[in-house]
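For reference, the structure is listed below as structure tokens.
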Amino acid sequence: MVRELLIATRSAGKLRELAPMLADLGFRVLNLEHAGIAAQPAEDGLEVFDTFEENALAKARWFAALSGGRPVIADDSGLAVDALGGHPGVRSKRWSGRDDLDGEELDALNNQLLIQRLQATAAAEPWSAQYVCAAACAWSGGELVVRGESRGEIVRTPRGAGGFGYDPHFLSHEFGRTFAETTREEKSRVSHRGRAVRALVARLLANNAFRGESAND
């Protein structure tokens, strides 16, 4: 028996990380397109809370309801920079204020703003920071949310061509490289998202959360 999870994200970058991560943990994964859930304007109003946990749960609950109670995993993640008082935090994706952009164009503007803000502070380098991820699961029998974090620092000059978001500027303390310089497998071992997802899955399985909700392989 193979457990099935619907990944509730429209982000291509998140999907590239989450799908193989969950498959490696023994899940059959579906994305929103596979599930026939078309984009709706209401989705833009789901991430309005002040914590990663609340935002992740809001998405998981909403898409679980749309899918008829199918187990859904959602996450909310962001970058918290100490010299900026924890910003951009839960507003990481839309920090630049350009709601008309997405993908690489939006990432470029956000990264430009990040370095500009840091250069405008009196804080000396290295600029310490952490990536934070809250991963949530909602299903017909309940819900659960956990947090994962990865410590590092912000580098002034982008390095690497992989990853997405702020990865070219986030130097992992564990690797001594930016997340954009690591492979997917390397990043998943120490990333905020990898840690949150593994912790979430461990708790789900320990509590037999999907009892009676498996799919035949």
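Under my numbering, the residues of the sequence shown are numbered 4 to 220, in order. Beta carbons: idealized from backbone N, C-alpha and C, even for Gly.
Asked                                                                                                            : Found
Bridge-paired residues (DSSP) for L49                                                                            : According to DSSP, L49 bridges with nothing at all.
Beta-bridge pairing of F173 - partner residues as DSSP gives them                                                : I157
Bridge-paired residues (DSSP) for D79                                                                            : A137
Element boundaries [beta strand (DSSP E), containing F30]                                                        : 30 to 34
Member of S95, E36, E20 whose CA lies at the smallest distance from the CA of T54                                : S95
Pick from Q133, L207, D110, G81 that is closest to L147, judged by C-alpha positions                             : L207
Close-in-space but distant-in-sequence residues of the same chain around P161 (CB under 8 Å, 5 per side omitted) : N114, P171, H172, T181, A183
Member of G16, I157, G71, L116 whose CA lies at the smallest distance from the CA of D78                         : G16
For R19 and I10, the rounded distance between their alpha carbons                                                : 11 Å
Inter-stretch contact at 8 Å, needing at least 3 Cβ pairs: the region 62 to 75 / the region 125 to 144           : yes
Spatially closest choice to D110 from W98, Q119, P44, by CA coordinates                                          : W98
First through last residue of the alpha helix (DSSP H) which encompasses Q119                                    : 106 to 122
Spatial distance of S191 from M24 (CA atoms)                                                                     : 7 Å
Among Q119, I40, A41, nearest to I157 - alpha-carbon criterion                                                   : Q119
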